[in-house]
Amino acid sequence: MYMPDFDYHAPQSLAEACGLLAELGNKATVLAGGTDVLHKMKVGKLAPEHLVSLKNLDELRQIRHEAGRGIVMGALTSHNTIYTSKLLQERYLSLPMAAHTMASNQICNMGTVGGNIVNGVPSADLPPILIALGASIRLVSTKGERTMPLEDFFHGAAETVIAPGELLADITIPDQATTGSTYMKFGLRRSGALAVVGVAVSVRVAGGVLEDARIVLASAAPTVMRAKGAEDFLRGKKISDELLAEAGEKAAGESRPRDSIRGSAEYRRNLVGVLTKRALRKAIDEGHV
Amino acid sequence: MSDNHKVIGRSVPRIDGPDKVTGAAKYTGDLKFPNMLYGKILTSPYAHARIVSIDTSAAEALPGVKAVITHKDVPELKYGLSPARWDENIFCIDKVRFVGDKVAAVACVDEETCYKAMKLIKVEYEELPAVLDFRHAMDEGQPLVHEEYARNINTEIHQEFGDVEKALAKAHHVRTDVFVGQRTYQTPIEPHSSISMWEGDKLTIYASTQSPHYFQYYIAREFGMPMGDVRIIKPYLGGGFGGKLEPTGLEFAGAVLAKRTGRPVRTFYDRAEMFAHNRGRHAQYMEITTGVDKEGKILAAKANFIMDGGAYTSLGIASAYYAGALLPMTYEFDNYKFDMFRVYTNLPACGAQRGHGAPQPKYAFESHLDNVAADLGIDPMDIRLKNARRPDTVTPNDFQVNSCKMKECLERAREISGWDEKKKNLPHGRGIGVATGSFVTGAGYPIYRTDLPHAAAFIKVHEDGTAATLYTGSVDIGQGSDTILCQMAAEAMGYRYEQMKIVAADTEITPLDFGAYASRQTYMSGAAVKQAGEEVKKQLLEMAATMLSLPADDLDCAEGLIFSKSRPGKTVTFEEVARKHFVLKGPLLGRGAYTPPRLGGTFKGAAVGTSPAYSFGAQVGEVSIDKETGEITVVGIWDVHDCGKVINPRLLHGQVHGALYMGMGESVWEEVLFDDKGRIKNAELANYRLLTAMDMPPIQSEVVDSIEPTGPWGVKEIGEGSTNPTLGMFSNAIFDAMGVRVNSLPLTYEKVWRALKEKREQEEAAKA
Ligand SMILES: Cc1cc2nc3c(=O)[nH]c(=O)nc-3n(C[C@H](O)[C@H](O)[C@H](O)COP(=O)(O)OP(=O)(O)OC[C@H]3O[C@@H](n4cnc5c(N)ncnc54)[C@H](O)[C@@H]3O)c2cc1C
């Protein structure tokens, strides 16, 4: 295992970074925490001529609440920063808890939310809960910026809509009327495990009725996916164990897992059902956890 | 237990503790020498292929490349660990036999250049059909991994003791079960590394090795050198668990590269290369038949096994014999039959992994025994107590057992785990299981044939008596042998542990010791150390007798003070006497050596499994199972061992915890997986799932009072044997929780879930 040769850049500002990326085009790869990029380079899956490190862009490392917008989180926010953020813990504990299921402490100090999103794999742990909370993202480049719902960012196995020269700047979780959310990850050990399946949900409950729900699945399809059939089925219904179990079955039916080193498609589909049922129950009973 | 030992029996701090916790400890890979080059080995991308040609010219032309070698540049002599089957070449000559087989090596000015150079070596291969499934390796028409081994049979064992068929015919109940064990890898935290250098005709190698002596022997043999010209030094070592017992391509290629270039060469494996070099646990097919009487007393047992050896023998012949040899150890029965085929496949070679050969057969036998108990409606604890081995008995395969507290271990485990209570009250989904294990305290015979002692030691008392240095060839690989051997030396000398120094595992300085394998050092190295310490003490007391004008047999020495047994208050310090000895008689030295007695029977393979003493242990584990996902939560584990006298309780329990950690991994989480081309799918630590600290359950580790009459101070082993019960214990706990038996390792969540699902479907079908 060794690193192929590359040139290294560490721009001082977002504008400079965009300029560099525009200039270098697809010869460059963005480097945030490097926990995905450096690994791919070492095992020979990636050999960029240039690495553009974002490490000096402290402006992308903040979490703040903006009135009228919601919580804005810079793309360079690390998993451990998310885990320890008071603001997130108070509003949406489900997000810090999702970050806490990830990797190991060392990786969580390096890995960033932006990298977790742009990397685009279906097993990433943060996109499901962010999508459940209705997050949107802001992409910037020398040509300007665009904002989109996070769920529209992914389109296929490790494929996203990001264009060469674009940077993910921040993620916004809008102020919302949901009453609960959670992320349940099924890993094969207690730490350092990738999701065999992960299920994030958010719910809006009033008077024993599930007014709205979002169900987002990790490692259950070539890309992170919403179980919209199950969501539609639940909307407006009176909450009961049978209802949640049935929603789980619907989500399992919609999922499109494949056989992998971590589990067979059949097993994973079963897990989607079980985790969906349990995550809904937890979010309904316990709020944002 | 009450005794008057001053230094042993205490949890003294590790002698290497400060170095390790401050990071000062240097492992082989940390060492640097002036002018040192870096070497890497190019390996085969194919499981089975003919080598058509190798062109190294482009690599040689690359700046920074100092040498490129292939089979043409090295001795052709085959090597290996088991002398009965030397079947490896330093580099493959006409064909490669697994993905990772060694083809060429480079030495370069830095690591990066090595990787670039390896890419420039052009090897033309002609791919051959490969044998990847060991269950079919012996079938008609399968390709041959080694032309000289028909039907890919590497080792064949057929042993029978007593009359099995007759006993089975008389049995009240006979049952057969089949189990399958998986391939696991030792995964020591420190990757293998070696640094080779020459001064004239003398070769020095710093190596991450469990046995400098075997390295020295095999390297000298391969290069036709006198052993005296080969020096092996073991720096700090980060674990081995059986995987670092034999020299690898690293040492052989490194030595040749160093000779070629006239410079020190460091060769090393990265994590993926470690998995490919392997020498881990064999995958195994295990059929077991047992006949019992009405009360569950075992009358006869029959084991019929096939083992996946991989492409080479390594220590695999011993693994194959061990698989059967240790089965009749924890339970007494007279009639026993063992049949085994160890077959070659085009996969990485397997060898000795902690518990050598025994853990998987133990899993099979312990699971099977629970099935038998369930058939008869007997409590699993009771069937084990009924059959438990007693002290001073001989196994059907002629192993003499002296101390043995199997029964006490079971009874204590029953008590501290709350077995009887839990057996009655645990709800569905919660379960408790028990299994036993035992292991050799050092092998009765060396790996290659020799009459050399197995261990030797000297002690040098410094001229002013303020320190003593123990010189031992034994190998601390992390288990703490340096610490306990210093405790033993101090105890035998009547000295203080805090004043001990140690020089270990350097073949030029320290006396012979076979090293860290077969759980042998506390007993065997300890016996040599004790003798050396007693020789020091004897000389010291004689000198003190003159100084105090008292007879030597009236004197004794403890914790650095020599005193009269008859006249309290008459004392002189160790230091004073030692100094006087040096002035009047010269250096104060002690020497010791240990050779085991002749052990075992005379049948073929009778030597494997012999040992001067055997450890025994029982483990109880409680699990909770998520019925919808199959997820297993380990609620608690209770381990009770009979390991003889305990020298250092903290290190002892550390071994139990470590063994449990590995055993748990093998039970549920770890498995080396291959694709259909024989490539490892998970040669990394994300998907080869070692457990983490977060996964470890509460563990209660206890010992029963026990003294082994043949051991120094009554010691036996703990390091390897404590792995043996774990796999079966998990299997039985899961069975108890769910009423389903998973018949293959690892007992993954998915397999548990599937077994439950199948059971449910069967029940539904029965209803319909
Ligand atoms: C041992 C280990 C364990 C892991 N465990 C988990 C786990 O449990 N769960 C999980 O989800 N992931 C896990 N990962 C994967 C990884 O750590 C995460 O995906 C992490 O969030 C990636 O962030 P990073 O900053 O390190 O990304 P990088 O490696 O720096 O980048 C990842 C990708 O995103 C791009 N990129 C990064 N930031 C931006 C940006 N702002 N704008 C545009 N493009 C950008 C890069 O070009 C690259 O393509 C693990 C990785 C390792 C090595």
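Chains A and B supply the protein sequences, listed in that same order.
Residue numbering for the first sequence follows the numbering used here, starting at 1 and increasing by one per position.
Residue numbering for the second sequence follows the numbering used here, starting at 290 and increasing by one per position.
Virtual Cβ for every residue (Gly too), placed ideally from N, Cα, C.
Distance between beta carbons of residue j and residue i, contact taken as under 8 Å
i, j, result
"Lys411(B)", "Ala338(B)", "Actually they do not touch by this definition, with Cβ atoms about 14 Å apart."
"Arg570(B)", "Thr465(B)", "The Cβ separation is near 24 Å, so there is no contact."
"Asp931(B)", "Ser995(B)", "5 Å"
"Arg226(A)", "Ala252(A)", "So it is not a contact: roughly 14 Å between Cβ atoms."
"Gly406(B)", "Ile358(B)", "First, the residue type needs correcting, since residue 406(B) is Ala and not Gly in the sequence shown. Incorrect: roughly 12 Å between the Cβ atoms, too far for contact."
"Phe630(B)", "Met427(B)", "7 Å"
Alpha-carbon spacing of residue i relative to residue j, whole angstroms
i, j, result
"Gly187(A)", "Ala193(A)", "5 Å"
"Ser136(A)", "Ala157(A)", "20 Å"
"Tyr404(B)", "Ala972(B)", "19 Å"
"Leu741(B)", "Thr884(B)", "8 Å"
"Lys367(B)", "Thr891(B)", "29 Å"
"Lys277(A)", "Ser1033(B)", "31 Å"
"His9(A)", "Glu59(A)", "18 Å"
"Met290(B)", "Pro1014(B)", "Only weak support is given to the placement of Met290(B): the predicted model assigns it a pLDDT of 42, under 50, and the question is left unresolved by the model."
"Val388(B)", "Thr332(B)", "7 Å"
"Asp1061(B)", "Lys1005(B)", "Residue 1061(B) lies beyond the range of chain B shown here (290 to 1057); nothing can be said about it."
"Asn119(A)", "Asp36(A)", "7 Å"
"Ala882(B)", "Tyr812(B)", "12 Å"
"Gly134(A)", "Ser608(B)", "58 Å"
"Ala724(B)", "Arg703(B)", "11 Å"
"Pro1035(B)", "Met951(B)", "12 Å"
"Asp559(B)", "Leu979(B)", "17 Å"
"Pro536(B)", "Arg61(A)", "50 Å"
"Lys408(B)", "Gly532(B)", "28 Å"
"His285(B)", "Arg190(A)", "No statement about residue 285(B) is possible, as the shown extent of chain B runs from 290 to 1057 and does not include it."
Residue i, enclosing alpha helix (DSSP H) - first and last residue
i, result
"Gln89(A)", "Lys86 to Arg91"
"Ala793(B)", "Per DSSP, Ala793(B) belongs to no alpha helix (DSSP H); it is in the beta strand (DSSP E), Met789 to Ala793."
"His233(A)", "With the sequence shown as reference, residue 233(A) is identified as Phe, and His is not the correct amino acid for it. Unbroken alpha helix (DSSP H) run through Phe233(A): Lys228 to Leu234."
"Pro96(A)", "Ser94 to His100"
"Val945(B)", "Pro938 to Met953"
"Asn105(A)", "Asn105 to Met110"
"His462(B)", "Taken as a continuous stretch (DSSP letters only), His462(B) belongs to no alpha helix (DSSP H), being part of the beta strand (DSSP E) at His462 to Gly470."
Nearest neighbour of residue i, chosen from the options [CA to CA]
i, options, result
"Asp623(B)", "Lys591(B), Ile1023(B) and Tyr601(B)", "Lys591(B)"
"Lys40(A)", "Phe153(A), Ile171(A), Arg69(A) and Met3(A)", "Met3(A)"
"Ile748(B)", "Ala356(B), Ile798(B), Phe541(B) and Arg738(B)", "Ile798(B)"
"Ser342(B)", "Ile382(B), Pro372(B) and Val354(B)", "Ile382(B)"
"Gly180(A)", "Gly165(A), Ala195(A), Ala163(A) and Val203(A)", "Val203(A)"
"Ala902(B)", "Glu704(B), Asp362(B) and Thr684(B)", "Thr684(B)"
"Phe1019(B)", "Arg1049(B), Gln1051(B), Lys1046(B) and Ile926(B)", "Ile926(B)"
"Ile577(B)", "Trp1042(B), Lys583(B) and Ala589(B)", "Ala589(B)"
Start and end residues, beta strand (DSSP E) containing residue i
i, result
"Gly156(A)", "Phe154 to Gly156"
"Glu249(B)", "Outside the modelled stretch of chain B, which goes from 290 to 1057, sits residue 249(B), for which no answer is possible."
"Phe630(B)", "Asn624 to Tyr633"
"Asp212(A)", "Val209 to Ala218"
"Val196(A)", "Careful: Val196(A) lies outside any beta strand (DSSP E) and carries neither H nor E."
"Thr77(A)", "Careful: Thr77(A) lies outside any beta strand (DSSP E) and carries neither H nor E."
"Glu1047(B)", "Note, Glu1047(B): premise wrong, no beta strand (DSSP E); alpha helix (DSSP H) at Tyr1038 to Lys1056."
"Thr444(B)", "Ile442 to Phe450"
"Cys846(B)", "Leu844 to Ala847"
"His481(B)", "Per DSSP, His481(B) belongs to no beta strand (DSSP E) and is neither H nor E."
Contacts that residue i makes with chain A (C-beta to C-beta distance below 8 Å)
i, result
"Ala975(B)", "Gly192 and Leu194"
Where residue i meets chain B, residues with beta-carbon distance less than 7 Å
i, result
"Tyr2(A)", "Glu400, Glu401 and Tyr404"
"Leu271(A)", "Thr918"
Contact list for residue i against chain A, beta-carbon separation under 7 Å
i, result
"Asp984(B)", "Arg189 and Arg190"
Partners in chain B for residue i, counting only beta-carbon separations shorter than 9 Å
i, result
"Phe186(A)", "Thr918, Glu920 and Tyr1038"
"Val30(A)", "Simply none; closest approach about 23 Å."
Contacts of residue i in chain B (Cβ-Cβ under 8 Å)
i, result
"Tyr183(A)", "Residues of chain B passing the Cβ test: none, with the nearest at roughly 16 Å."
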